[in-house]
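Residue numbers (the UniProt record's numbering): 1 to 215.
Have a look at this one:
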């Protein structure tokens with residue numbers, strides 16, 4: 001799967017309505033050459049429409065001409081029924097989703113927790129939640145898995161949930177779910193923050209569960 005991140009999406013936001021306003025908090029990506037998603041001060045679309053728009057803009061490459069970041073994971077195979085549910089707090093979930101996607105392409109660095117230094121998996125989660133929601137979370141993937149919060153079944157997943165991976169009962173990796181079975185994470189030394197699918201062969205076999213920390 002190729003994630004193209006070198007150019008911006010052009011388009012118009014859906015028309016405003018009298019329904020409740022959903023405020024999207026976006027910031028420019030800190031890493032050179034990696035733009036943030038198209039800015040949207042106020043998003044009025046239904047949650048599902050918004051989620052598909054953001055994912056489509058990333059997966060389509062935003063018009064071409066940019067640099068691509070290719071996942072090393074195999075193409076996803078048909079698998080579980082991964083959720084794309086409306087979140088309890090749409091504003092908070094949207095902020096986390098947009099910020100996580102804006103950091104795709106940032107280099108991996110063990111112990112890293114800023115766009116300037118790079119990220120490891122839990123450093124990415126910590127940075128996004130602190131930057132967007134001022135929420136302090138544990139610093140390791142295993143501590144995040146043990147952190148208070150609602151455990152989520154696959155079909156209940158919504159943007160902003162944390163997804164965990166490991167083996168033999170031990171959690172060793174964490175990512176941020178963004179919808180349609182996809183998640184953003186900092187996977188390994190020498191790689192970059194990227195978008196992968198939970199039904200990719202490695203991730204499907206090592207998935208251990210999910211937790212919701214947005215209340």
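Yeah, the Cβ is synthetic: ideal placement off N, Cα and C, and Gly gets one too.
Owing to the predicted nature of the structure, the values given are computational and were not obtained by experimental measurement.
Q: Would you mind working out which of 174, 188, 194, 107 sits nearest residue 210, comparing C-alpha positions?
A: Proximity to residue 210 across 174, 188, 194, 107 peaks at 174, based on C-alpha coordinates.
Q. In or out: residue 167 buried (at least 16 other Cβ within 10 Å) or exposed?
A. In the assembly as shown, residue 167 is an exposed residue. Its beta-carbon has fewer than 16 other beta-carbons within 10 Å.
Q: Assign residue 130 to one of two classes, buried (16 or more other C-beta atoms within 10 Å of its C-beta) or exposed (fewer than that).
A: Answer is exposed; the Cβ neighbour count stays below 16.
**Q.** residue 102 beta carbon near the ligand ADP (any heavy atom closer than 7 Å)
**A.** With respect to the ligand ADP, the structure shown offers nothing to examine, as it has no ligands at all.
Q) Applying the criterion that 16 or more other CB atoms from any shown protein chain within 10 Å of the CB defines a buried residue, is residue 163 buried or exposed? A) The residue is buried, with at least 16 neighbouring Cβ atoms inside 10 Å.
**Q.** Extent of the continuous alpha helix (DSSP H) run through residue 144
**A.** Counting along the chain, the alpha helix (DSSP H) containing residue 144 begins and ends at 141–146.
Q. If we ignore side chains and look at the alpha-carbon of each, how far apart do residue 201 and residue 195 end up?
A. Distance between the alpha carbons of residue 201 and residue 195: 14 Å.
**Q.** Nearest-angstrom beta carbon gap, residue 144 and residue 122 [assumed within contact, 8 Å]
**A.** Between residue 122 and residue 144, the beta carbon gap of about 6 Å places them in contact (Cβ cut-off 8 Å).
Q) Is the region 132–144 in contact with the region 181–200, if contact means three or more CB pairs nearer than 8 Å? A) The region 132–144 vs the region 181–200: no contact.
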